[in-house]
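The structure appears below as structure tokens.
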Ligand code: PEP
Ligand code: MG
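Numbering (the numbering used here), first residue to last: 414 to 844.
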């Protein structure tokens, strides 16, 4: 038996032959965007054939975090492990392995004891699925009646079946970047419209929050010709690009408003730091609505507008921002990065990168209080939303919505249904 230890990034136990989906060790940033789509197709194909989903499935196997891969795997409900390092050898391809996407353990040719432990966990997993299926269609309320909206994060229309399969009540974050990352030139209004409409229609009246493009920082697109920056995470990214390039912004907004005629679309702006930015976004929305009116093109006048709260600035002025929009959604990935001054892409920050830090949780509370004072809803769409150990804290803070990977929906629902909101405390906000 060969035992390897990595970092579990997508829960679940599975077994089968090890297969490499990309050259091991290749860096996702160096793979042409179009290849990422074909990579996803290959993963899907393998999933259908029930092959082992060892993290070798993707391209960051030898790296520490593999964040993009982890998000992809969680969205698809595939158990995944990162950070196996050099212990993962190419000659292992084809050998039978058991993997535990929670503990990060990989066992090749397991001995009897190890095999029994894996099988028991696999059995528990089956029982959990059965229980989860029983909850399908039921409301997400705590024992004392507090409602929580449980939505999903998606990265492309192809992820919608996983949302429906897992009974997501809406989409809390549709990252629209895939349209830009997968193309070699700016996607047209028509191309965007088709993608947004497809999701809006498939969700059949359930809320679909579509985030305007969040290019820049770790998501580089060559045809944007962005300047090389020393600190791209703090550079011209996301809403800053949109406000600097009104034509690019207008094209996306037209596509979004047109799609709003086919479902319950909400528009969300990323990386907001100032009230003037939100006002400028709203002016751009109004201009687009006036154009569509003049052209006789249908759209929903009730389309909600929201912002991502993911910078410390947006937390400090949350009271003013809340008066401008219909909802907040907290991007805890970036909020943690900027609050703790810890690069979310860095591999070696270890215990310094702590999303449970009281500063991050207090930021959530400040934003939630401001939202509720202005009578708007607040959700979390960063990875922290799926952290079951924080559910009590989110309930105590008053979070209204959690948007998570489709595969995280059912465990979250189960936990909500056994919680009692009034006994939840804010103790984790203490230092
Ligand atoms: C976040 O920052 O938490 C978030 C949801 O957005 P992204 O991970 O796409 O930056
Ligand atoms: Mg973000």
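Heads up, the beta-carbon is just placed ideally off N, CA and C, and yes, glycines get one too.
Treat the numbers as computed from the prediction; the structure is a model and nothing was measured.
Output the boundary residues of the alpha helix (DSSP H) element that contains residue i.
i	result
residue 697	688 to 708
residue 778	771 to 786
residue 633	No alpha helix (DSSP H) holds residue 633; DSSP gives it neither H nor E.
residue 751	745 to 753
residue 827	822 to 830
residue 646	Segment: none, residue 646 is in no alpha helix (DSSP H) and carries neither H nor E.
residue 835	Run containing residue 835: none; DSSP gives neither H nor E here.
residue 576	573 to 578
residue 655	652 to 657
residue 494	From DSSP, residue 494 is part of no alpha helix (DSSP H) but of the beta strand (DSSP E) over 493 to 495.
Just the C-alpha distance for residue i and residue j, rounded to the nearest angstrom, thanks.
i	j	result
residue 497	residue 512	12 Å
residue 603	residue 665	10 Å
residue 545	residue 564	16 Å
residue 738	residue 416	52 Å
residue 522	residue 516	18 Å
residue 547	residue 644	48 Å
residue 539	residue 841	33 Å
residue 845	residue 414	With the chain covering 414 to 844 only, the question about residue 845 has no answer from this structure.
residue 690	residue 537	49 Å
residue 815	residue 598	34 Å
residue 836	residue 780	21 Å
residue 508	residue 824	31 Å
residue 462	residue 800	Annotation note: pLDDT 46 at residue 462 (below 50); position unreliable, coordinate value reported separately. Their backbone Cα atoms lie some 30 Å apart in a straight line.
residue 663	residue 697	7 Å
residue 447	residue 632	With a pLDDT of 43 at residue 447, under the threshold of 50, the predicted position of this residue should be treated as unreliable, though the coordinate-derived value follows. Their backbone Cα atoms lie some 14 Å apart in a straight line.
residue 871	residue 679	Since the displayed the chain opens at 414 and closes at 844, residue 871 lies outside it and no answer follows.
Can you tell me where the beta strand (DSSP E) holding residue i begins and where it ends?
i	result
residue 509	509 to 513
residue 565	562 to 567
residue 418	415 to 418
residue 587	584 to 588
residue 722	717 to 722
residue 549	No beta strand (DSSP E) holds residue 549; DSSP gives it neither H nor E.
residue 737	Premise fails: residue 737 is in no beta strand (DSSP E) and is neither H nor E.
residue 677	677 to 682
residue 816	814 to 817
Identify which residue in the options has its Cα closest to the Cα of residue i.
i	options	result
residue 617	672, 526 and 540	672
residue 660	644, 681 and 694	694
residue 562	723, 715 and 817	817
residue 594	585, 700, 620 and 629	629
residue 790	777, 799, 598 and 493	777
residue 775	755, 764 and 803	803
residue 730	533, 526, 836 and 687	687
residue 560	799, 831 and 839	831
residue 736	785, 704, 764 and 773	785
residue 554	828, 837, 839 and 844	828
residue 634	646, 655, 596 and 663	596
residue 420	820, 504 and 514	514
residue 770	748, 760 and 783	748
residue 569	584, 519 and 772	584
residue 608	722, 566 and 669	669
residue 580	826, 834, 754 and 843	826
residue 728	811, 696, 558 and 773	773
residue 741	718, 757 and 761	718
residue 424	502, 753, 528 and 519	519
residue 812	782, 501, 541 and 499	782
residue 794	819, 787, 805 and 422	819
residue 667	657, 797, 601 and 499	601
residue 768	650, 798, 582 and 792	798
residue 821	504, 647 and 566	566
residue 810	839, 495 and 724	839
residue 676	610, 495 and 764	610
Taking only beta-carbon positions, decide if residue i is within less than 7 Å of chain C.
i	result
residue 733	The chain labelled as chain C is not found in the depicted structure, where only one protein chain is given.
| message | Tell me which residues pass a beta-carbon proximity test against the ligand PEP: closer than 6 Å to any heavy atom, given in chain order. | response | 586, 588, 627, 723, 744, 745, 746, 747, 794 and 795
For the segment 574 to 584 against the segment 638 to 652, are there 3 or more C-beta pairs whose distance is under 8 Å? no
Would you call the segment 624 to 631 in contact with the segment 577 to 593, where contact means no fewer than 3 C-beta pairs closer than 8 Å?
yes
Any contact between the segment 682 to 697 and the segment 707 to 714? By contact I mean 3 or more CB pairs, one from each, below 8 Å. no
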